[in-house]
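Trainee: Protein chains in written order, with numbering that gives the first Met the number 0: chain A, 0 to 252; chain B, 0 to 262. Note that beta-carbon positions come from the ideal geometry of N, C-alpha and C, so glycine has one too.
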Amino acid sequence: MTRPARHRRTLISAVSLATLVALWETALRVGWLPSNLVPLPSQIPGVLWAEVLDGIWLDVVLSSLSHYSIGLVIGSVLGIAVGMAAALLPRFDAAHSWLARLLRPIPPLAWIPFAIIWFGVTETAAAFIISIGVFWINYFTSYSAVRAINDGYYEVARAFGQGGFSARLAKISLPAAAPGILGGLRAGLGQGWMTVVAAELFGIPGIGQRMMEASGLLATDVVVVYMLTIAALYALFDFLFMRIQRRVLRWQQ
Amino acid sequence: MAAMNDASAPVLTARGVRLGFADDIVLDDIDLEVAPREFVAMVGASGVGKSTLLRAFAGLLAPLRGDVHLSTAEASASRAWSMVFQAPRLFPWRRVRANVELGLEGLGLSRDERRARAMEPLSLVGLEELAERWPRTLSGGQQQRVGIARALAVRPRVLFMDEPFSALDALTRQRLQSELTELRQRSDAAIVFVTHDIEEAVLLADRVVVLAKPDKDAPATVRDIVTIDLPLARRREQSGFRDHVQRLEQHIGVAATPEETTS
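As structure tokens, then:
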């Protein structure tokens, strides 16, 4: 896209978002929407500020970030490792493929009962649930990325004395599968946020728990503050990750 | 052991090699010796098993019967053999220089030594200025030159080339053919070169091995070995060139009437 075209696109997006917020505000002020069900957009910054001043905002964000990061790291590392191992080691692939097919369709949230039985209503339980969703995304993308590698590269490796397992892994499998693996990691970043909130709705401290408290008091403005917080955190993580991804895959562009 | 250290001992010896599958033998009774610094081309119709045989010589495939002996690497930090493939098969995630360094990894060289060693063949193929580029930014001919540099970097005793120019346009192919003639004079490697292009074989090789099937259902074998006694830097127009080409064409069967070969 050319620079003027990109600017025009940004302008159109900004104007349409602003129009939507303005319509929302107007609809509430003239009484088209009931004010006990939806908060006024103009109230949101003030509510956010109050949450920040009370120290609640930082507390719940840090606590969510903590389960999120632990779950994300464990799920991603295990997902990539197991996915790659399955793609590279036919016996391991055969040994676990039925188990994988059995467990894969179970949504991460279905593990909540076990998470609570095993770990209690704790951070560990939240991290466990998050790691499950992240694991499967990374498992499948890594598996298919490694399987899709052109065999010709492995022949080159053998022809140049790099035919050992570790040399092939480091010099071919990892770099050649990197675009797919990084794509999976990025999808996992998003999936992680979805489960983080759901896991906290069961009382594990964090953004989700604060949203449940607020909804019990019909404080819709507080709920919206945290919805926007999640959107902003996700956008920040995704942006940072994209920068890293572009740097690692600069050979592709 | 004495024979191996003899400078004139063959760098590659194949005896009674049979290749393929137990119920589908592709090549049989292959005998061949390649002398140090010799350039041997292998020609034959497509599907006759030229590339398969090349891989067996390199040890990438095990023969069903017979044996292949490849002399060991002589100089320190070198390899017994290396290969140039039909498609360049550069690693797109490595810069040009790092691609050339591939075979030098694990030979006990420091990073700086590896860099220096990679730059030598790159300048031989005239690409030292592109050393820090990504492969995708190179033309097909440049990529294949990098493939050749990668193979030369390990200072092999035998350089296997599997139809290295067949995917290139005619002009680039001609340029690389004459570059290869110059390169072999500066390298100590023997070259085993697979091609389906008879003129290319006569242009480049000291000897041309013709692989062909004695009859339709039999496995292919060495039908003839033709010594090309023309001085190097050959041209297609020079006297004697066409005679060699015609002789080889007859052996492969392309000069025979099409009815005979297809029926």
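According to DSSP, what are the bridge partners of residue 160/B?
Mentor: Reading the second sequence from its first residue, position 161 is the one you call residue 160/B. Partner(s): 83/B and 192/B.
Trainee: From this set, 244/A, 238/A and 165/A, which residue's C-alpha is nearest residue 180/A's C-alpha?
Mentor: Counted from its first residue, the first sequence places residue 180/A at position 181. Per the Cα distances, 244/A.
Trainee: Residue 41/B bridges to which residues according to DSSP?
Mentor: To locate residue 41/B, count along the second sequence from 1; it is residue 42. Under DSSP, residue 41/B takes part in a beta bridge, and its partners are 193/B and 208/B.
Trainee: Mind checking if residue 151/A is an interface residue toward chain B, Cβ cutoff 8 Å exclusive?
Mentor: By 1-based counting over the first sequence, the position of residue 151/A is 152. Yes, because at least one Cβ of chain B sits closer than 8 Å to the Cβ of residue 151/A.
Trainee: Distance, Cα to Cα, residue 93/A vs residue 59/A?
Mentor: The count along the first sequence starts at 1 and reaches residue 93/A at position 94. The count along the first sequence starts at 1 and reaches residue 59/A at position 60. Their Cα atoms are separated by approximately 43 Å.
Trainee: In chain A, which residues lie with their C-beta within 9 Å of the C-beta of residue 102/B?
Mentor: Start at 1 with the first residue of the second sequence, and residue 102/B comes out as number 103. Near residue 102/B (Cβ distances below 9 Å), the residues of chain A are 158, 159, 160 and 161.
Trainee: Do three or more CB pairs link the stretch 114 to 127 of chain A to the stretch 200 to 216 of chain A at distances below 8 Å?
Mentor: yes
Trainee: Should residue 74/A be labelled buried (16 or more other beta-carbon atoms within 10 Å of its own) or exposed?
Mentor: The residue you call residue 74/A lines up with position 75 of the first sequence. Buried, by the Cβ-count rule.
Trainee: Give me the subset of the stretch 47 to 79 of chain B whose CB atoms are less than 8 Å from a CB atom of chain A, sorted by chain position.
Mentor: 57, 59 and 78
Trainee: What did DSSP end up calling residue 111/B once you bin it into helix, strand or coil?
Mentor: Taking the second sequence and counting its residues from 1, one reaches residue 111/B at position 112. Three-state DSSP puts residue 111/B in a helix.
Trainee: Looking at C-beta atoms only, is the number of pairs between the stretch 205 to 216 of chain B and the stretch 226 to 246 of chain B that lie closer than 8 Å three or more?
Mentor: A contact exists between the stretch 205 to 216 of chain B and the stretch 226 to 246 of chain B.
Trainee: Along the chain, where does the alpha helix (DSSP H) that runs through residue 64/B open and close?
Mentor: Counted from its first residue, the second sequence places residue 64/B at position 65. Element bounds for residue 64/B: not the alpha helix (DSSP H) but the beta strand (DSSP E), 64 to 69.
Trainee: Using CA atoms only, rank isn't needed, just tell me which of 65/A, 178/A and 46/A is closest to residue 121/A.
Mentor: Working through the first sequence from its first residue, we reach residue 121/A at position 122. If we check each option's Cα against that of residue 121/A, 65/A comes out closest.
Trainee: Tell me which same chain residues have a C-beta within less than 7 Å of the C-beta of residue 211/A, skipping the five on either side of it?
Mentor: In the first sequence, counting from the first residue as 1, residue 211/A sits at position 212. Correct list, in chain order: 200.
Trainee: Pick out the complete alpha helix (DSSP H) segments inside the stretch 110 to 150 of chain B, 4 residues or longer, and give them in chain order.
Mentor: 110 to 123
Trainee: Does chain B have any CB closer than 8 Å to the CB of residue 154/A?
Mentor: Counted from its first residue, the first sequence places residue 154/A at position 155. So yes, residue 154/A belongs to the interface.
Trainee: Checking 8 Å against the spacing of the C-beta atoms, do residue 99/B and residue 161/B come in under that value?
Mentor: Position 100 of the second sequence, counted from the first residue, corresponds to residue 99/B. Position 162 of the second sequence, counted from the first residue, corresponds to residue 161/B. Between residue 99/B and residue 161/B, the C-beta spacing is not below 8 Å.
Trainee: Excluding sequence positions up to five away, which residues of its chain have a Cβ less than 6 Å from the Cβ of residue 116/A?
Mentor: Walking along the first sequence from the start, residue 116/A turns up at place 117. So the list is empty, once near-sequence residues are dropped.
Trainee: With 16 as the cutoff for other CB atoms within 10 Å, does residue 137/A come out buried or exposed?
Mentor: Here residue 137/A refers to the residue found at position 138 of the first sequence. With 16 or more Cβ atoms within 10 Å of its Cβ, residue 137/A is classed as buried.
Trainee: Of all the CB atoms in chain A, is at least one closer than 8 Å to the CB of residue 105/B?
Mentor: The residue you call residue 105/B lines up with position 106 of the second sequence. So, interface residue.
Trainee: DSSP has residue 32/B in a bridge; who is on the other side?
Mentor: In the second sequence, counting from the first residue as 1, residue 32/B sits at position 33. According to DSSP, which records beta bridges pairwise, residue 32/B is partnered with 12/B.
Trainee: Residue 91/B versus chain A: which residues are under 7 Å apart at the beta carbon?
Mentor: Against the second sequence, residue 91/B aligns to sequence position 92. 250, listed in chain order.
Trainee: Contact criterion: CB-CB distance below 8 Å. Does residue 198/A meet it with respect to chain B?
Mentor: One-based indexing of the first sequence puts residue 198/A at position 199. No, residue 198/A does not count as interfacial toward chain B.
Trainee: Residue 144/A versus chain B: which residues are under 8 Å apart at the beta carbon?
Mentor: Stepping through the first sequence from its first residue, residue 144/A is reached at position 145. Here the premise fails: no neighbours, minimum Cβ distance about 13 Å.
Trainee: Under 7 Å: does the beta carbon of residue 78/A sit that close to some heavy atom of the ligand MG?
Mentor: Here there are no bound small molecules, and the ligand MG is not part of this structure.
Trainee: DSSP state of residue 108/A, grouped into three classes?
Mentor: Walking along the first sequence from the start, residue 108/A turns up at place 109. In the structure shown, residue 108/A sits in a helix (DSSP, three-state: H, G or I).
Trainee: Run through chain A and tell me which residues come within less than 7 Å of residue 88/B, C-beta to C-beta.
Mentor: To locate residue 88/B, count along the second sequence from 1; it is residue 89. Result: 151, 152 and 155.
Trainee: Can you name the residues of chain A whose CB is closer than 7 Å to the CB of residue 82/B?
Mentor: Your numbering for residue 82/B matches position 83 in the second sequence. Chain A residues near residue 82/B: 158.
Trainee: In this structure, how does DSSP classify residue 1/A when only helix, strand and coil are distinguished?
Mentor: What you label residue 1/A is simply residue 2 of the first sequence in a count that begins at 1. DSSP places residue 1/A in coil when its eight states are reduced to three.
Trainee: Could you pull out every residue in the same chain whose Cβ sits closer than 6 Å to the Cβ of residue 108/B, ignoring the five residues on either side in sequence?
Mentor: On the second sequence, position 109 is the one that residue 108/B refers to. Once the five neighbours on either side are set aside, the close Cβ partners of residue 108/B are 76.
Trainee: List the whole-angstrom C-beta distance separating residue 70/A from residue 130/A, where the pair is believed to meet the contact cut-off of C-beta under 8 Å.
Mentor: Residue 70/A sits at position 71 when you count from the first residue of the first sequence. Residue 130/A sits at position 131 when you count from the first residue of the first sequence. Rounded, the Cβ-Cβ distance is 4 Å, consistent with contact.
Trainee: Is there at least one Cβ from chain B nearer than 8 Å to residue 175/A's Cβ?
Mentor: Counted from its first residue, the first sequence places residue 175/A at position 176. Cβ-Cβ to chain B under 8 Å: yes for residue 175/A.
Trainee: Let's see if you can read the secondary structure: which residues bound the alpha helix (DSSP H) around residue 228/A?
Mentor: In the first sequence, residue 228/A corresponds to position 229, counting from 1. First-last of the alpha helix (DSSP H) with residue 228/A: 219 to 247.
Trainee: What does the alpha-carbon distance come out to for the pair residue 237/A and residue 53/A?
Mentor: Counted from its first residue, the first sequence places residue 237/A at position 238. Counted from its first residue, the first sequence places residue 53/A at position 54. When rounded, the distance between both Cα atoms is 28 Å.
Trainee: Suppose you measure from the CA of residue 265/B to the CA of residue 243/B; what does that come to, to the nearest Å?
Mentor: Residue 265/B cannot be examined here, being either before or after the span of chain B that is shown, 0 to 262.
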